[in-house]
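Step one of this worksheet: look at the structure below.
So, in structure tokens, the structure goes:
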């Protein structure tokens, strides 16, 4: 599972970070794990302001901001154009107790066993998030931020990419799909998403998902033309 969390900060001059298309820019200085830190983990730091006004009003303002009235509108107008956001990307450690299973006592709307998701962060996951948060603050202070308001590091972060539930592999007993995202058990069923691979490698998995989708689509076209798939 990949995890992402953000820190907002206010600068003296307008930044207008909301303009144009958001581009991924990752700093890999903190990517590698180092046993000297006392935990296993690392990650990448991203400078990306992915807010529109309504979203920033709900999620981007500091906790001590007014919630209503003229002062709220004035502060929102200033903060929205003078704020930048740093994001950190890391990944969850594999924990044997974290599972996706069928619930033995609850059924879904069709009378089938409901999906049960059991998940808890490893202690090193939380330590990694807190450490990356300190690195974000160091960067912002060096850049001259007037005010920094970090989001709290909690058991469940604000953004996650779910991965690893339909693993890719050659062994039918240990994987769900083959190298073309085709399921071993159902010949005309393809699963193309983050579930095919087990880690985000401490960064965004979106490009990998897109690459697998293109690979799968190319295979499906060839399979249809050859008569293998109909």
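Residue numbers (my numbering): 566 to 795.
In this text, a Cβ means the ideal position worked out from N, Cα and C, and glycines have one as well.
Note that the structure is predicted; figures quoted are calculated from it, not measured.
For the beta strand (DSSP E) that residue 711 lies in, which residues bound it at each end? The residue labelled residue 711 in the question sits at position 146 within the chain shown. It is not in any beta strand (DSSP E) - residue 711 carries neither H nor E in the DSSP assignment.
Below 7 Å between beta carbons: does that hold for residue 755 and residue 744? Taking the first residue of the chain shown as 1, we reach residue 755 at position 190. Taking the first residue of the chain shown as 1, we reach residue 744 at position 179. Cβ distance not < 7 Å, so residue 755 and residue 744 don't count as in contact.
Alpha carbon to alpha carbon, what distance is there between residue 650 and residue 636? Here residue 636 refers to the residue found at position 71 of the chain shown. Here residue 650 refers to the residue found at position 85 of the chain shown. Cα-Cα distance, rounded: 23 Å.
Using C-beta distances below 8 Å, list every residue in its chain close to residue 585, excluding the 5 sequence neighbours before and after it, in chain order. For the purposes of this step, residue 585 is taken as the residue at position 20 of the chain shown. Once the five neighbours on either side are set aside, residue 585 has no close Cβ partner at all.
Straight-line Cα distance separating residue 786 from residue 716: Stepping through the chain shown from its first residue, residue 716 is reached at position 151. Stepping through the chain shown from its first residue, residue 786 is reached at position 221. Approximately 46 Å between the Cα atoms of the pair.
Please name the residue, chosen from 725, 768, 739, that lies closest to residue 596 on a Cα-to-Cα basis. The residue you call residue 596 lines up with position 31 of the chain shown. If we check each option's Cα against that of residue 596, 768 comes out closest.
Runs of beta strand (DSSP E) wholly within the segment 606-678 (minimum 3 residues, chain order): 609-612, 648-656, 664-672
Between the Cα of residue 725 and the Cα atoms of 770, 789, 762, 792, which residue gives the shortest distance? Within the chain shown, numbered from 1, the residue matching residue 725 stands at position 160. For residue 725, the nearest C-alpha among the options comes from 770.
What number of angstroms, rounded off, separates the C-alpha of residue 692 from the C-alpha of residue 702? Your numbering for residue 692 matches position 127 in the chain shown. Your numbering for residue 702 matches position 137 in the chain shown. The alpha-carbon atoms of residue 692 and residue 702 are separated by roughly 16 Å.
Would residue 575 pass as a contact of residue 712 if the rule is Cβ separation under 7 Å? For the purposes of this step, residue 575 is taken as the residue at position 10 of the chain shown. For the purposes of this step, residue 712 is taken as the residue at position 147 of the chain shown. Yes; because the gap between Cβ atoms is below 7 Å, this pair is in contact.
Name the one or two DSSP bridge partners that residue 592 has. Position 27 of the chain shown, counted from the first residue, corresponds to residue 592. Per DSSP, 610.
Specify, as a first and last residue, the run of the alpha helix (DSSP H) that residue 789 falls within. As a first step, residue 789 must be located in the chain shown, where it is residue number 224. It spans 771-791 - the alpha helix (DSSP H) in which residue 789 sits, taken as one unbroken run.
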